[in-house]
Every structure is written in C-alpha cells, then in structure tokens.
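Chemist:
Residue numbers (our numbering): 2 to 231.
Here it is in structure tokens:
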C-alpha cells in the first residue's frame, strides 16, 4: 500500500502554451512556487512512459519495472501500469477515491477505499502534476535545492518534508525535479523510514491527451478482489 499512491508526476508543456519564461540559471523559492501556481490550471491530463525503481535498504536491493502512466486531474484518476518485467507485472489504479493494486500473476486485486480523507489523497496525487505553490507549502516544508542536471537537462529540484507527524512516519521526504520550462515534475523520489525509496521517472510525455474510460476500468476479469479491514 505504501507504494500505491506514489505521487505520480510529469508532462511536457510548450513555453507558448504556458506563457512562462525560459529557464534561468538561478531561482528563488517564491519564484518557483509562483510558477507552479501559474502552470497548475493548464494541466488536465497526461500520459507517459514510466520507469520505477523500488529500493530496499535492509537488503541493499533495487527492483526495476516499467510501463505507462495515465492521469486525469478531474476526479482525479490515476493509473500506473507496470508491465515489465512480465513476471512481476502490477497495475496501480486510483478511481473514485479508491485505490486498487492488481497483480495479474496472482489473479488478485487489493482494494483500498480511501474515502475518509479524499482531499489529502487527491493532493498527494497532484504532486508534480498540477499542485500549486500553496498546496505544497500547506502540507510540506519546502526547500529549494537549485538547478540540477538530470540526464543532461537542467531541472529545478525541490525537497518536501511532511509537516504532519503521521505522514512523516511513513514518508520522511520527497524530492521532485521540475522542468523549468513547464514546471511539471519529471522525476519524483519518495523516501521512507529506514532508507527505502521509490523513484518514478517519466519520459515520452503527452500533455492533455484524451484518455478513454477503459484505461481507468476497475473490472479485473478472473481476479479475486480483496478489501483489507484496517
């Protein structure tokens, strides 16, 4: 469950579409937060290729997977469909304030109704994909780590430390790398107690595509649906 609601992230917008200034060599935190706020209303949906690394510190091992990410701000609706490697394929889905984890090899779906705090979950999903500056500072202590080279391109890195002790007990911090031409997160790293982390990197990003309803289907033919009781 701790990896189900990974913040998800990323889309590539043109400067002309957003009306934002081109990258500069230095930024202040207020400038970055203002740009995030200006970009947020322009993000309605996205799809991208996704690469995921899940690192477990205790055994010093990293699991790699890849697939597709689909996101709609209205709702919001979110799918992370990890299809490679096939033996460990998994689909993470968030629709109608309910999270689903589908494991094809086990023909099993874990269903997590999250209706008690839908606003908090929704804001978490928007990190890197339309959260405003106020959204970030309301839930996190935000630190600007300056321009950072990421795969040969300049990004602006923010470190988010949860203000809530309850959230901090599960997530110690989040690092998000933004494209400074678009102010969309192109990479997110979620740190957990003990040194574990979840790294999500997006590429081949399409902004505001029309996404069909079947992409967000909660029908899993032949699978057993299990709803844990907390």
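Where a beta carbon is used, it is the ideal one built from N, C-alpha and C, also for glycine.
The structure presented is a predicted model; accordingly, all values stated were derived computationally and were not measured.
#1: Could you please give me the residues that DSSP links to residue 50 through a beta bridge?
#2: Checking 8 Å against the spacing of the C-beta atoms, do residue 159 and residue 143 come in under that value?
#3: Skipping 5 residues on each side, what residues in its chain have a beta carbon closer than 8 Å to that of residue 132?
#4: Reducing DSSP to helix, strand and coil, say where residue 22 ends up.
#5: The beta strand (DSSP E) with residue 226 in it runs from where to where?
#6: Less than 8 Å between C-beta atoms, sequence neighbours within five positions excluded: which residues of the same chain meet that for residue 156?
#7: Would you kindly work out how many angstroms separate the C-alpha atoms of residue 22 and residue 93, rounded to a whole number?
#8: Under 8 Å between the Cβ atoms of residue 90 and residue 81?
#9: Where does residue 32 fall in DSSP's three states?
Modeler: According to the data block:
#1: 69 and 204
#2: yes
#3: 37, 41 and 124
#4: Here residue 22 scores only 43 on pLDDT, less than 50, and its place in the model should not be relied on; the value that follows carries that caveat. Of the three classes helix, strand and coil, the one that applies to residue 22 here is coil, per DSSP.
#5: 225-227
#6: 148, 149, 150, 178, 179, 180, 181, 187 and 188
#7: At residue 22 the pLDDT is 43, less than 50, meaning the model places this residue with poor confidence and gives no usable figure here.
#8: no
#9: helix
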